[in-house]
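Below: one structure, written as structure tokens.
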Amino acid sequence: MIEIKSIEFAYSKKQKLFQDLNLSMQNGHIYGLLGKNGAGKTSLLKILSGLRFPQKGSVEVLAYRAEFRKPEMLREIYFLPEEIFTPMLKIRQLTNVYASFYPNFSLEQYNAYLEEFDITNRDLYINKLSHGQKKKVQIAYALACNTKILLMDEPTNGLDIPSKSIFRKVMASAATEDRLVLISTHQVRDLHSLIDSIIILDNGEIVVNEPDERITQKLCFQAVDGDVDEKEVLYFEENLRGNLIVTENKHQIESHLDLELFFNAVMANKKRIKEIFNA
Amino acid sequence: MPKFIIMDTSLSLTRIKHLLNRYFIENWKKDLYVGLVLLVIAFVSNPMAEFSSFVYMVMVLLYTSRIFSNLAYKESAQHYLMIPASTTEKLITNIFLSHIYYVLLLLAFLVLGILLRALILAPYCDESLCYTFLKFKFNSFNFASYLSFLSFQSILAFGSVYFRKNAFIKTLLILSAFFFFLTILVIFIIRMNVGSMTLLVEEFDYYVRNPNLNYLIPSIISIVFTCFFWILSYFRLRETEV
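The listed protein sequences correspond, in order, to chains A and Y. In this text, residue positions in the first sequence follow our numbering: the first is 368, and each later residue adds one. In this text, residue positions in the second sequence follow our numbering: the first is 3, and each later residue adds one.
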């Protein structure tokens with residue numbers, strides 16, 4: 368569905384953001400794109416949408432070259448940026464104007480998602496709503512477009528606590544076998560239960576691109592009391608109850624993936640973790 | 003339920019229709035307000051006066067400024083570029099709006115204003131003043147001047163995709179600077195040729211006496227200019243990154 372081959376991308380000649388970056392993503396997954404500030408998460412989403420062009424390499428989305436922005440590709444891809452554009456339209460008018468561009472748009476779903484987010488008055492102007500409400504309308508619309516690819520940049524930013532849980536619920540219901548969802552986020556705790564594959568971007572390279580199961584197959588996440596043997600652990604964090612540790616899962620111990628711990632472990636011990644996954 | 007677009011071509015009339023529909027739904031109120039101002043001006047002033055022509059030009063500029071909003075901000079630009087329509091379709095929509103729709107809108111409000119003036123003021127004032135509409139000749143809207151107008155609009159359309167922030171003002175400033183330097187250049191050439199002025203006068207005389215040339219050459223230049231800026235706009239829009 369998405370195939371990135373050896374792309375090179377830079378905003379300035381001095382500093383390259385991506386160099387020889389390769390990435391492959393398949394339908395039927397919800398990918399979480401994680402990375403530090405400035406790692407290039409938003410830039411990657413823009414490259415996939417055809418809003419930015421790589422200087423070298425190729426980006427194929429649904430077998431179309433992304434930079435050509437062909438309507439056949441654009442009608443099957445929806446990009447929800449962090450800073451959303453709000454047209455001067457009423458909530459119900461949004462469908463009259465833009466839905467016709469998306470062949471699988473469902474008005475019923477749009478209304479149902481709005482109901483879920485507790486937006487009942489469709490005669491309100493979108494540009495006059497609060498930031499959180501604007502985001503809810505855009506999320507509802509993005510999901511109702513039923514595009515094969517859905518790219519979301521920090522979708523939970525600006526949502527209140529109940530809305531975050533509704534977001535997880537509607538996202539789970541919208542995930543289908545023929546759909547690929549890529550969510551870029553810092554709020555790993557918000558989306559932990561939703562994401563089934565993790566992509567970690569650091570220093571212009573993809574450090575990890577693995578499904579949840581493989582991560583817990585290769586690594587073990589545990590809470591331990593007492594001292595930690597630093598030679599054995601890949602990463603540890605102290606908390607009130609003791610230590611949270613990440614170790615190589617040599618004995619196939621079943622553990623629950625802690626996304627935040629995993630991300631910190633990758634950042635702290637990148638080389639070793641790459642070796643473990645490549646073994 | 004909205005109708006779906008199923009054509010897999012880079013030029014679909016249905017998509018153009020939907021792009022226009024998007025524009026009309028989002029902008030009809032603003033277009034109407036500008037039109038009402040125009041109507042009032044047409045109602046209170048003599049449509050043949052030079053002042054009115056200036057106002058009409060400003061109104062067309064006001065209308066045209068609307069197409070600059072698509073790429074004005076990062077959020078709107080991302081949204082616009084992600085609309086599932088090809089670059090050609092987006093460009094055709096912009097050309098239709100700036101080259102045809104705004105002119106029709108302007109003419110409609112202008113004629114309406116003059117008609118209202120004739121109908122409402124008729125019982126109270128001098129006949130010659132009230133029935134300006136009957137005297138109003140459309141000479142000023144001949145094809146050659148429309149072509150010049152098109153080339154001007156094509157430059158604005160190019161400015162709308164070339165610049166981002168304050169694109170409208172930047173385009174107008176560059177246009178003003180260009181015409182300023184062009185005027186200086188013409189004055190300079192005339193001064194340089196002041197010794198052989200007779201030749202220039204003869205050439206000018208030939209040009210004025212030949213009505214075909216008088217009409218044809220500016221029209222050809224306008225068409226070439228317009229097409230040139232359409233093509234530039236296409237490539238610029240296609241290469242736009244946000």
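All C-beta atoms, glycine included, are put in the ideal place defined by N, C-alpha and C.
Chain Y has a Cβ within less than 9 Å of the Cβ of Phe-452(A). In the structure shown, the three-state DSSP call for Ala-87(Y) is coil.
Per the DSSP secondary-structure output, Cys-229(Y) pairs with nothing in a beta bridge. Take Glu-427(A), set aside five residues on each side of it, and the residues of its chain with a beta-carbon closer than 6 Å to its own are Glu-370, in chain order. Not one beta carbon of chain Y lies nearer than 9 Å to the beta carbon of Val-548(A). DSSP places Leu-384(A) in the strand class (E or B) of the three-state scheme. The C-alpha of Tyr-217(Y) is placed about 44 Å away from the C-alpha of Lys-76(Y).
For a cut-off of 8 Å, the C-beta gap from Ile-562(A) to Gly-395(A) is around 13 Å, too long to register as a contact.
With contacts defined as CB atoms closer than 9 Å, Thr-453(A) and Ile-493(A) qualify as a contacting pair. The beta carbon of Ser-410(A) sits closer than 7 Å to those of Phe-376, Leu-384, Arg-419, all from its chain and outside the five residues before and after it, given in chain order. Counting other Cβ atoms within 10 Å of its Cβ, Arg-639(A) stays below 16 and is therefore classed as exposed. Listed in chain order, the beta strand (DSSP E) elements of length 3 or more contained wholly in the stretch 506-586 of chain A are 516-520, 547-551, 564-569, 572-578. Among the CB atoms of chain A, one or more fall inside 9 Å of the CB of Tyr-75(Y). Among the CB atoms of chain Y, one or more fall inside 9 Å of the CB of Gly-417(A). Residues of the same chain with a CB within less than 6 Å of the CB of Asp-520(A), apart from the 5 flanking positions on each side, are Thr-409, Leu-412, Pro-448, Glu-449, Ser-551 in chain order.
Taking 9 Å as the threshold, the shortest C-beta distance from Val-244(Y) to chain A falls below it. For a cut-off of 8 Å, the C-beta gap from Val-36(Y) to Met-61(Y) is around 6 Å, short enough to register as a contact.
The DSSP-derived three-state label of His-623(A) is coil. Of all residues in the stretch 15-45 of chain Y, only Arg-17, His-20, Asn-23, Arg-24, Ile-27, Glu-28 come within less than 8 Å of chain A when Cβ atoms are compared, listed by chain position. When the Cα atoms are used, Ile-643(A) and Asp-596(A) turn out to be separated by approximately 19 Å.
Shown here, Arg-432(A) sits in a strand according to DSSP, grouped into three states.
If only complete runs of 3 or more residues are kept, the stretch 439-464 of chain A shows the beta strand (DSSP E) at 444-447, in order along the chain. Taking all protein chains shown into account, Lys-167(Y) has fewer than 16 neighbouring C-beta atoms within 10 Å of its C-beta and is therefore exposed.
From the listed residues Lys-437(A), Tyr-378(A), Ile-533(A), the smallest Cα separation to Thr-523(A) is found for Ile-533(A). Counting C-beta atoms within 10 angstroms of its own C-beta, Met-368(A) has 16 or more neighbours from the protein chains shown and is therefore classed as buried. Looking at the DSSP output, Lys-423(A) shares a beta bridge with Glu-375(A).
Listed by position along chain A, the residues whose Cβ is nearer than 9 Å to that of Pro-125(Y) form an empty set, because the closest Cβ is around 42 Å away. Taking 8 Å as the upper bound for CB-CB distance, Ser-416(A) and Phe-446(A) are in contact here, some 4 Å apart.
For Ser-467(A), the nearest CB of chain Y lies under 9 Å from its own CB, placing it at the interface with that chain. Contact residues of the stretch 422-438 of chain A toward chain Y are Arg-436, Lys-437, Pro-438 (C-beta to C-beta distance below 8 Å).
Note that the C-beta distance between Leu-441(A) and Lys-515(A) is not below 9 Å. DSSP places Glu-604(A) in the uninterrupted beta strand (DSSP E) bounded by 600-606. Taking 9 Å as the CB threshold, Leu-108(Y) stays off the interface with chain A.
As far as DSSP is concerned, Ala-44(Y) takes part in no beta bridge. Taking CB atoms only, Phe-629(A) has no neighbour in chain Y less than 9 Å away. Judged by beta-carbon spacing, Thr-90(Y) lies within the 9 Å limit of Leu-13(Y), meaning their Cβ atoms are closer than that value.
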